[in-house]
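Residue numbers are given in UniProt numbering: position 638 of the sequence shown equals residue 638, and the series is strictly consecutive. Each residue gets a CB set at the ideal place from its N, CA and C atoms; glycine is no exception. Everything on this sheet refers to the single structure shown next.
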Amino acid sequence: MFVLFEEAGKYLGGRVLSEAEASAQVELDTGKRVKVKGANIVLRFEKPAPAELIAEARTLAATIDLDLAWEFAAEGEFGFGELAADYFSDKPSLAQQAAALFALFEAPHYFRRAGKGRFKKAPAEIVQQALAAIEKKKAVQAQITEWAGQLAEGVCPAPVREQLYKILFKPDKNAPEYKAVVDAARATQRPPLDLLERAGAIDSPYQFHWRRFLFENFPKGTGFPALAAPAIVDDLPVASGVQAFSIDDSQTTEIDDALSVQGLGSGTVTVGIHIAAPALALTPGSAIDNVARARMSTVYMPGYKITMLPDDVVNTYTLLEGSDRPAVSLYARFDEATLELQGTETRLERVPIVANLRHDQLDTVVTQPWLEDASFQSDNTPEAAATLRAPLSFLFRLAKQLKAQREVVRGKPENFNRPDYNFRLVGNEGNEPTGNEQVQISTRQRGAPLDLIVSEAMILANSSWGGWLGELGVPGLYRSQASLAPGIKVRMGTRALPHAGLGVKSYAWSTSPLRRYTDLVNQWQIIAAARHGKTAALAAPFKPKDADLFSILSGFDAAYATYNAYQGGMERFWTLKYLQQQGITELEATVIKDLPNGALVRAETLPLVFPVAGQQERGARLRVKLGEIDEIALDVTGTVLERLDTPKADAAADEESDEEEVVAGPIAIAVDLTDSEAAPENTPA
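Next up, the structure:
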């Protein structure tokens, strides 16, 4: 005897070997033996063989008109045999009964299961809804097939283009646009990104990187809501005798910091570090604060930036020359002869800003000889620089001393052996780049006098204020580094801990409140300390162990890392563009790291790190022939043409290389071609 039975949602047939009261041992066509509950057996028969019956029944089931079967079916609960009798004849054949069973079982939108082999008609309105859904699904599948065909032919359908970044990086894997890309990539055996690029979905490599960044970080755009900068209502005193000046690049609009020097020739010199004071007007939780907190930082890239605060707000608080500007000032008193620090004081005040000096206009004038020798003359010295020569000279002398003191704590000198690179997009004038601009790359050696003056002053302010907040028990946002041992990174936290890399006891970013949200938060805390002294911990906006402070910390850490990575990527993009525009095919480079079957090298005259084939000694200088440039992957490789020198024995000791960026390589996308075909969605019944 043979039986047809249900097993795990499927109907199988087999020969009965033995049978008990509630179950039977059945042998399948494959030879496998299974135990079948009696309740799961729906048909018993002597012939034909199960496989033959099932094949015939399935062929017959495909001919059943489900609409007609639904009309014939009895109201209430019924068995498949009853439907077979109504649909085929009073005495349906075994194959007709099995066909009715298969048709009923596989049409849940028409018939609901009511038990083993038993069913119930779905309500008419449910049937209509289900049929409409099936038709819609067929239409969607037809659309997917059409779009996939177009992509395979090198044409990008408009809906796919519009959803490009969502498809690639945050896809809805049930969306037809996503499925079309997957189907086309499978059919053509092309990587999805390559497929889309060939189909014209990507306007240009630059736009690809830019729009991807906006999609992931500024999905609502980079514009600001209408916001009015509140006025500072405090009756702030004007800083007596102060003539402050800032030192920035010409492109800088968010002028956060300025310096002043008083008492030259008196034996005690007071250096003022004056920081723009938006925190005197803005409050945590205000509309402007919410905007700043959402962005966390200004985003920089060659030729363009996305500011943390609206221009009108920045202009209200920036330290623009020609007026008295609200500031949080740190005054540090030094012995003029020994440069020993005698004490510090923090004041909330209005500071006269007499000049906004610019690096790019002064670097060739304000040199080490000009600062150290009063008789040294430079051609075309701007009047502002000439007027401030004495303060600048003292600040340079002080900066060298402060740096030397930090290096004693660090245990070794800071490494300034690589230049900083400046990018200029010709004719861009600060507008959003298109990616086709002519790019100019210039260098400024790290540790140049003006750089050193500003950096040491800011380190002094950030470490002094960080230590002061710690002494008062006022929490802040700190950067710390436990040691200079390999693998020990700089971390952010809310406690005043040493920063080994800088050689200071504590370090709280506080000098860029118009550009970094951490600095704005710390400025609120510093203002509370200035106003309340020892009771500041009770009055500060953020209290010890404040959960909101930890939330800000983690949010800033993530955003700042993302922004820096994008800036690095765009600098790499424009460097690759520079190679193309200048027709550069060979570079001199230094090996900085071993790679499997190759090495990582750093170009000597450009900000470019890239791999070369073949093992090379670290520190070796090479002449390298460049390969093809991939502007989407930001990738270029090299082939070694010749060795230019013999590496030094200590060439591996490059302390900055272990945090070196490696931004080239395949773009990580979320289109997964290894996924199995999506299972059909359940049809409503």
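Quiz item: Can you name, in chain order, every residue of its own chain whose Cβ lies under 8 Å from the Cβ of residue 343, other than the five neighbours on each side?
Solution: Position 343 of the sequence shown, counting from 1, holds the residue named residue 343. Contacts found: 332, 333.
Self-check item: 8 Å contact criterion, which residue 154 and residue 198 should meet: CB distance rounded
Solution: Counting from one through the sequence shown, the residue named residue 154 turns up at place 154. Counting from one through the sequence shown, the residue named residue 198 turns up at place 198. Right, the Cβ-Cβ distance comes to about 6 Å (below 8 Å), so this counts as a contact.
Quiz item: So, using beta-carbon positions, are residue 83 and residue 69 closer together than 8 Å?
Solution: By 1-based counting over the sequence shown, the position of residue 83 is 83. By 1-based counting over the sequence shown, the position of residue 69 is 69. Yes, Cβ-Cβ distance for residue 83 and residue 69 is below 8 Å.
Quiz item: Is the beta carbon of residue 622 less than 8 Å from the beta carbon of residue 572?
Solution: As a first step, residue 622 must be located in the sequence shown, where it is residue number 622. As a first step, residue 572 must be located in the sequence shown, where it is residue number 572. It is not a contact, given that the beta carbons lie outside the stated cut-off.
Exercise. Could you tell me whether any Cβ in chain D is nearer than 8 Å to the Cβ of residue 465?
Key: In the structure shown, chain D cannot be found, because there is only a single protein chain.
Quiz prompt | Proximity winner among 285, 305, 165, relative to residue 548 (alpha-carbon distances) | solution = The count along the sequence shown starts at 1 and reaches residue 548 at position 548. Here the closest residue by C-alpha is 285.
Quiz prompt | C-beta contact flag for residue 477 and residue 417 at 8 Å | solution = Position 477 of the sequence shown holds residue 477. Position 417 of the sequence shown holds residue 417. No, the Cβ-Cβ distance between residue 477 and residue 417 is not below 8 Å.
Quiz item: Is it buried or exposed for residue 671, if we count other Cβ within 10 angstroms and need 16 for buried?
Solution: For this step, residue 671 is matched to residue 671 along the sequence shown. By the 10 Å Cβ count, residue 671 comes out buried.
Quiz item: Is residue 625 helix, strand or coil when you go by DSSP?
Solution: By 1-based counting over the sequence shown, the position of residue 625 is 625. Three-state result, residue 625: strand.
Quiz item: Where does residue 306 sit, in a helix, a strand or coil, going by DSSP?
Solution: Mapped onto the sequence shown, residue 306 falls at position 306. Here residue 306 sits in strand by DSSP.
Quiz item: Is it the case that the Cβ atoms of residue 79 and residue 117 are separated by a distance below 8 Å?
Solution: Walking along the sequence shown from the start, residue 79 turns up at place 79. Walking along the sequence shown from the start, residue 117 turns up at place 117. Taking 8 Å as the Cβ cut-off, residue 79 and residue 117 qualify as a contacting pair.
Quiz item: What three-state label does DSSP hand residue 93 in the structure shown?
Solution: As a position in the sequence shown, residue 93 is number 93, starting the count at 1. Correct three-state label for residue 93: coil.
Practice problem: Using three-state DSSP, classify residue 438 as helix, strand or coil. | Solution: Working through the sequence shown from its first residue, we reach residue 438 at position 438. Note: residue 438 maps to coil in three-state DSSP.
Quiz item: Which class does residue 564 belong to by DSSP, given the choice of helix, strand or coil?
Solution: Within the sequence shown, residue 564 is the residue found at index 564, counting from 1. Of the three classes helix, strand and coil, the one that applies to residue 564 here is helix, per DSSP.
Self-check item: Selected residue, minimal CA-CA separation from residue 95, among 115, 77, 110, 46
Solution: As a working note, residue 95 is residue 95 in the sequence shown. When each option's Cα is compared against that of residue 95, the closest is 46.
Self-check item: Helix, strand or coil at residue 125 [DSSP, three-state]
Solution: For this step, residue 125 is matched to residue 125 along the sequence shown. Residue 125 falls in the helix class under three-state DSSP.
Quiz prompt | Distance CB(residue 42)-CB(residue 26) smaller than 8 Å | solution = Reading the sequence shown from its first residue, position 42 is the one you call residue 42. Reading the sequence shown from its first residue, position 26 is the one you call residue 26. No. Outside cutoff.
Practice problem: Flag this pair as touching only if the region 346-359 and the region 241-255 have three or more C-beta atom pairs under 8 Å; answer yes or no. | Solution: yes
Self-check item: Bridge-paired residues (DSSP) for residue 445
Solution: The residue given as residue 445 occupies position 445 in the sequence shown. For residue 445, which the question treats as bridged, DSSP gives the partners 419.
Quiz item: Which first and last residues belong to the alpha helix (DSSP H) in which residue 207 is found?
Solution: Residue mapping note: residue 207 aligns to position 207 of the sequence shown, counting from 1. Taken as a continuous stretch (DSSP letters only), the alpha helix (DSSP H) holding residue 207 covers 205-217.
Quiz item: Across which residues does DSSP place residue 338 in a beta bridge pair?
Solution: Here the question's residue 338 lines up with position 338 in the sequence shown. Per DSSP, none; premise fails for residue 338.
Self-check item: Backbone secondary structure at residue 140 - three-state DSSP
Solution: Start at 1 with the first residue of the sequence shown, and residue 140 comes out as number 140. The answer is helix: DSSP assigns residue 140 an H, G or I state.
Quiz prompt | Closest by C-alpha distance to residue 447, when choosing among 403, 422, 439 | solution = Counting from one through the sequence shown, the residue named residue 447 turns up at place 447. The option with the nearest alpha carbon to residue 447 is 403.
Quiz item: Apart from the five residues on each side of it in sequence, which residues of its chain come closer than 6 Å, Cβ to Cβ, to residue 222?
Solution: Counting from 1 along the sequence shown, the entry for residue 222 is found at position 222. If we look at residue 222 and ignore the five residues flanking it on each side, its Cβ neighbours are 306.
Quiz item: Any idea if residue 1 is buried or exposed, counting beta-carbon neighbours within 10 angstroms, 16 or more meaning buried?
Solution: On the sequence shown, position 1 is the one that residue 1 refers to. Exposed, since its Cβ has fewer than 16 Cβ neighbours within 10 Å.
Quiz item: Are the region 511-518 and the region 296-305 in contact at 8 Å, needing three or more beta carbon pairs?
Solution: yes
Quiz item: The alpha helix (DSSP H) spanning residue 362 covers which residue range?
Solution: Start at 1 with the first residue of the sequence shown, and residue 362 comes out as number 362. From DSSP, the alpha helix (DSSP H) with residue 362 extends over 359-362.
Quiz prompt | Whether residue 503 touches residue 410 by CB criterion (8 Å) | solution = Numbered from its first residue, the sequence shown carries residue 503 at position 503. Numbered from its first residue, the sequence shown carries residue 410 at position 410. Yes. Within cutoff.
Quiz item: Helix, strand or coil: which one does DSSP assign to residue 202?
Solution: As a first step, residue 202 must be located in the sequence shown, where it is residue number 202. It is coil, neither helix nor strand.
Quiz item: Should the region 261-273 be called in touch with the region 306-325, which here means at least 3 C-beta pairs below 8 Å?
Solution: no
Quiz prompt | Separation of residue 150 from residue 124, as counted between CA atoms | solution = For the purposes of this step, residue 124 is taken as residue 124 along the sequence shown, with counting starting at 1. For the purposes of this step, residue 150 is taken as residue 150 along the sequence shown, with counting starting at 1. Note on geometry: alpha-carbon atoms of residue 124 and residue 150 lie some 39 Å from one another.
Quiz item: When the Cα of residue 627 is compared with those of 22, 584, 354, which residue comes out closest?
Solution: The residue you call residue 627 lines up with position 627 of the sequence shown. Closest in C-alpha terms to residue 627, from the list 22, 584, 354, comes 584.
Practice problem: For residue 270, count neighbouring C-beta atoms within 10 Å of its own C-beta (all shown protein chains included) and say buried if the count is 16 or more, exposed if not. | Solution: As a position in the sequence shown, residue 270 is number 270, starting the count at 1. Buried, because 16 or more other Cβ atoms sit within 10 Å of the Cβ of residue 270.
Quiz item: Do residue 273 and residue 257 have their C-beta atoms closer together than 8 Å?
Solution: Locating residue 273 in the sequence shown gives position 273, where the first residue counts as 1. Locating residue 257 in the sequence shown gives position 257, where the first residue counts as 1. Taking 8 Å as the Cβ cut-off, residue 273 and residue 257 qualify as a contacting pair.
Quiz prompt | Same chain, Cβ closer than 8 Å to residue 214, five either side skipped, listed in chain order | solution = Walking along the sequence shown from the start, residue 214 turns up at place 214. Here the set comprises 221, 222.
Quiz item: From what residue to what residue does the alpha helix (DSSP H) around residue 258 run?
Solution: Locating residue 258 in the sequence shown gives position 258, counting from the first residue. No alpha helix (DSSP H) contains residue 258, which is instead part of the beta strand (DSSP E) from 257-262.
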